[in-house]
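Colleague:
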Amino acid sequence: MHTQKYHQKNPFRKDTLYHEKDGSFTVWYLRQKSSFWIASFSLLAFIAGNMIGQHGWYTFWNAVWGKEYNDHLIVYTGTVSPVTLIPDYKNWKETLPQSYTDVPENLLMPLPWYDSFDQKQGYHDASFQHDVYSIGHLGSYLTGGEGDGSHPGVDIRVPIGTPIVSIANGIVTDVQEDRTGFGKYVVIRHPHAPDPDDPSKLTVLHSVYAHLSEQLVQEGDSVIKGQKIALSGMSGFATGPHLHFQIDRDSAPWHPYWPFTIDEAVGANLTFSQAINSRFYQERGYKHTVHSMLYVQADYPAISTPLIAQAKEESKKEYVSPIEQILARREERRQQRLSRRTFVDLKLMAQAGMTDTIIEGLQEPEKQEVAGVEISHDGRFIAGQSETIVLTLVDDDGKIVLQPQSDIKYLLRPGYGDIHIEPTTLSANDFRSGIAKIQILSLDNKTMVLHVLPMNVLSEPLLRE
222 MHTQKYHQKN
232 PFRKDTLYHE
242 KDGSFTVWYL
252 RQKSSFWIAS
262 FSLLAFIAGN
272 MIGQHGWYTF
282 WNAVWGKEYN
292 DHLIVYTGTV
302 SPVTLIPDYK
312 NWKETLPQSY
322 TDVPENLLMP
332 LPWYDSFDQK
342 QGYHDASFQH
352 DVYSIGHLGS
362 YLTGGEGDGS
372 HPGVDIRVPI
382 GTPIVSIANG
392 IVTDVQEDRT
402 GFGKYVVIRH
412 PHAPDPDDPS
422 KLTVLHSVYA
432 HLSEQLVQEG
442 DSVIKGQKIA
452 LSGMSGFATG
462 PHLHFQIDRD
472 SAPWHPYWPF
482 TIDEAVGANL
492 TFSQAINSRF
502 YQERGYKHTV
512 HSMLYVQADY
522 PAISTPLIAQ
532 AKEESKKEYV
542 SPIEQILARR
552 EERRQQRLSR
562 RTFVDLKLMA
572 QAGMTDTIIE
582 GLQEPEKQEV
592 AGVEISHDGR
602 FIAGQSETIV
612 LTLVDDDGKI
622 VLQPQSDIKY
632 LLRPGYGDIH
642 IEPTTLSAND
652 FRSGIAKIQI
662 LSLDNKTMVL
672 HVLPMNVLSE
682 PLLRE
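Here our numbering is used: the first residue of the sequence shown is 222, the next is one more, and so on.
1. Suppose you measure from the CA of His293 to the CA of His413; what does that come to, to the nearest Å?
2. Are the Cβ atoms of Val353 and Ile377 separated by less than 9 Å?
3. On the criterion of 16 or more Cβ atoms from any shown chain inside 10 Å, does Glu367 qualify as buried, or is it exposed?
4. So the alpha helix (DSSP H) Leu515 belongs to, where does it begin and stop?
5. Just tell me which of Trp313, Ser494, Arg601 has its CA closest to the CA of Thr668.
6. For Leu328, would you say it is in contact with chain D, using Cβ-to-Cβ distances shorter than 9 Å as the test?
7. Our contact map puts Pro380 next to Ser472 with C-beta atoms below 8 Å; I'd like the distance itself, whole angstroms only.
8. Give the straight-line distance between the Cα atoms of Gly638 and Ser337, rounded to the nearest whole angstrom.
9. For Gly457 and Asp369, what's the separation of their Cα atoms in angstroms?
10. Would you call the region 397-412 and the region 498-514 in contact, with 3 or more CB pairs under 8 Å?
11. Considering only the beta carbon of each residue, do Tyr502 and Ser371 sit closer than 9 Å?
12. Jot down the residue ranges of each uninterrupted alpha helix (DSSP H) in the region 293-334, minimum 4 residues, whole runs only, in chain order.
13. Cβ atoms of Tyr430 and Ile385: under 9 Å apart, would you say?
14. Have a look at Asn390, Ser361, Leu623 and flag the residue whose alpha-carbon is nearest the alpha-carbon of Leu612.
15. Is Asp469 buried or exposed, if buried means 16 or more other CB atoms sit within 10 Å of its CB?
16. Since Tyr507 is in the alpha helix (DSSP H), which residue starts that stretch and which ends it?
17. In three-state terms, what does DSSP make of Tyr406?
18. According to DSSP, is Tyr391 helix, strand or coil?
19. Quick check on the burial criterion: 16 or more other C-beta atoms within 10 angstroms. Buried or exposed for Ala649?
20. Are the region 513-527 and the region 478-487 touching, with three or more C-beta to C-beta distances below 8 Å?
21. For Ser302, which option in Ser597, His465, Ser654, Phe652 has the closest C-alpha, if you only look at C-alpha atoms?
22. Between the C-alpha atoms of Gln589 and Lys620, what's the straight-line distance to the nearest angstrom?
23. Which whole-angstrom value describes the C-beta separation of Tyr362 and Asn498, a residue pair presumed to lie in contact below a C-beta threshold of 8 Å?
24. Ordered along the chain, which non-local residues of its own chain (more than five positions away) have a Cβ less than 7 Å from that of Gln342?
25. When you compare each of Phe493, Ser494, His672, Gln448 to Glu595 by their alpha carbons, which one comes out closest?
26. Can you tell me where the alpha helix (DSSP H) with Gln340 in it begins and where it stops?
27. Going by DSSP in three states, Asp169 sits in which element: helix, strand or coil?
28. Would you identify the three-state DSSP class for Asp399, choosing helix, strand or coil?
29. Please list the terminal residues of the continuous alpha helix (DSSP H) segment that includes Ala496.
30. Sorted by chain position, which residues of the same chain lie with C-beta nearer than 6 Å to Leu674's C-beta, five sequence neighbours on each side aside?
31. Tell me which residue opens and which closes the beta strand (DSSP E) that Glu435 is part of.
32. Can you give the Cα-Cα distance for Val425 and Gly636, rounded to whole angstroms?
33. Skipping 5 residues on each side, what residues in its chain have a beta carbon closer than 6 Å to that of Glu608?
34. Please confirm whether Asn390 and Tyr297 have their CB atoms less than 9 Å apart.
35. When the Cα of Val517 is compared with those of Ile659, Pro415, Phe481, which residue comes out closest?
Shown next, in the form of structure tokens:
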């Protein structure tokens, strides 16, 4: 009975199997396929929303349409720091300024040198270094120490409205605002830049300037080294006014790059700050970013056309095995050391007035003022082996200073790369006839640059063989 009633209420109808069209074919087709279209648009919205939410519009449209840049119009001419002047925090007696315009001209000073050695000591070092650079490259919020966390780039403490400049010639690729992260930021693409791992080769780098108060450029603009592109601020996730400055490698999946996503941190039961402080995915930071301040301070020279032409010529020469190349370089380095030693000995003999005849009662050379330090090496190093670096004290004329007039402490620091230096400090007594030798060892097997203070001298890069 129940079944009979059911069939009476739902009699067989022809249109349940076959529907006669009562309008245009297009309208009928869309009605029948409505669920398909809804599902398709929902899937597209989910994918697009996920990409935009994590990586921004730039990555989304770049993935959909692709982007081409006129890289051939950009010529590398060196680098500068992103900030030119900062307040002299040592001599600032009042409450620290909130605005750059509040700082008197006589209390402005050039951005000090980033000292990687001091920055690794963290906040407990309490040096002026941390008054300016609050967080070092891949540092943490707990210590600010370089290499102590997953925070890529360097945080530079500056008041709101501080002029920010492009570190090199390039093309603006992104001008956006991320209210919960980078805040207002600018990304600049730098083609034909020296590769920090091997400055004799070229690469593409991307500089990032974040937590800005004002952006002064637009996407697609070509900018030159030192051009004002923004004003600093404290937008986004920031507890105080500062500039977040980082450099991404072209290999980074998006720009500005971050070593981990929020979902990854939540999946590991970590807050954003806890993830940074625990070095969460720090290895990604090393892989996809460059030490921003050390790179701009190195100011690598442009690779000239003659060098490129010479490289092409050398590629046509007879093939030499890697082992033969290493042995040849070792022999060449040995000959260079011998010739350098002979040259120095002859130069010392000439300055001391020595002849083939032995002269008794030779007077001790007068003490001279040191004007600079020359750094000599053979340009290459072998992984896992220490390299000898020769330091020479010179006067204004470039001549060797045999007897320094003042006992200056010379601090030896990494200018680029993770380097073990022995010793890290030299005094005048450590120089014999104006010459001292030190040992350096690459801890990451990447390009090494030595920095000598207070002369502020950088060595030529040492490349890995």
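Positions of the beta carbon are idealized from the N, C-alpha and C atoms, including for glycine.
Modeller: Result, derived from the coordinates:
1. 9 Å
2. yes
3. buried
4. 513-519
5. Arg601
6. Here there is only one protein chain, and chain D is not present.
7. The Cβ separation is near 35 Å, so there is no contact.
8. 9 Å
9. 23 Å
10. no
11. yes
12. none
13. yes
14. Leu623
15. buried
16. 503-509
17. strand
18. Before going further, note that residue 391 is Gly rather than Tyr in the sequence given. Strand, per DSSP.
19. buried
20. no
21. His465
22. 10 Å
23. 6 Å
24. Gly366
25. His672
26. 337-340
27. The displayed coordinates of the chain run from 222 to 686. Any statement about residue 169 would go beyond what the structure contains.
28. strand
29. 493-498
30. Leu632
31. 419-436
32. 21 Å
33. Phe602, Ile661
34. yes
35. Pro415
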